[in-house]
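Accompanying notes for the structure given below.
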Amino acid sequence: AQKVTQAQTEISVVEKEDVTLDCVYETRDTTYYLFWYKQPPSGELVFLIRRNSFDEQNEISGRYSWNFQKSTSSFNFTITASQVVDSAVYFCALSEGGSTLGRLYFGRGTQLTVWP
Amino acid sequence: DAGVTQSPTHLIKTRGQQVTLRCSPKSGHDTVSWYQQALGQGPQFIFQYYEEEERQRGNFPDRFSGHQFPNYSSELNVNALLLGDSALYLCASSKTATYEQYFGPGTRLTVT
């Protein structure tokens, strides 16, 4: 079973639109970590954010914001006023506690295209 | 401060051959993980090294092996290459298993 599901395969928006990328995870652990990474065409995964399971506060960083809701096992990512440079594949990932701590389970990614 | 570096950038091998990929972690990081990313897919965990030992392993055959050196750099070896091994191989480093992992640019392996 997929531990991380990103149901949106591709999203296209026009510059300055807001866009939300969905992520649903599945785990039985009480301690776990959630991540978002960006992968531009160059291929390198760029770390965006890490949240632990005990911190449900939403976070805002510039145009980026993250909504973590344990009740729905979701960790969604919103880009406000999107720009062409935001075009990339975005991955949500989960790291569980216990013996697999540090192993990242990735979703299949969402390809975001921002048109000028 | 140099980030995670990987070599080579690209590699073309023939089915049945062996390949070695290299990774240098970010300064101050002691844990190295390797991932395989097939085209259009998310990265899949291969294994993780800490203190020169394989700490955990994903669902990959024994053809995939690795090593970590005292300076924390790491190698990924793949024997008896198959066409299906063609992928982007990503190395990630972290301070401990709980911290965010920083990825290198990857090595694009093509098996013909």
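Chains as they are written, first to last, in my numbering: chain A, 1427 to 1542; chain B, 3 to 114. Yeah, the Cβ is synthetic: ideal placement off N, Cα and C, and Gly gets one too. Note that the coordinates shown come from a computational prediction; the quantities given were computed from them, not determined experimentally.
- Residue environment analysis places A/I1486 among the exposed positions, since fewer than 16 neighbouring C-beta atoms fall within 10 angstroms of its C-beta.
- Looking at A/K1442, A/T1435 and A/Y1463, the one whose alpha-carbon comes closest to that of A/C1518 is A/Y1463.
- Looking at the DSSP output, A/S1500 shares a beta bridge with A/V1450 and A/Q1495.
- Within the DSSP secondary-structure output, B/T109 pairs in a beta bridge with B/Y91.
- Pairing B/T112 with A/Q1428, the inter-Cα distance amounts to about 27 Å.
- The beta carbon of B/P27 sits no closer than 8 Å to any beta carbon of chain A.
- The residue from A/L1447, A/K1442, A/V1440 and A/F1480 with its alpha-carbon nearest to that of A/T1456 is A/F1480.
- Against chain B, the beta carbon of A/F1473 has neighbours under 8 Å at E102, Q103, Y104 and F105, listed in chain order.
- Per DSSP, A/V1510 is not a residue of any beta strand (DSSP E), being assigned neither H nor E.
- Note: A/V1445 is bridge-paired with A/I1505 in the DSSP secondary-structure output.
- Using a CB distance cut-off of 8 Å, B/S95 does not count as an interface residue toward chain A.
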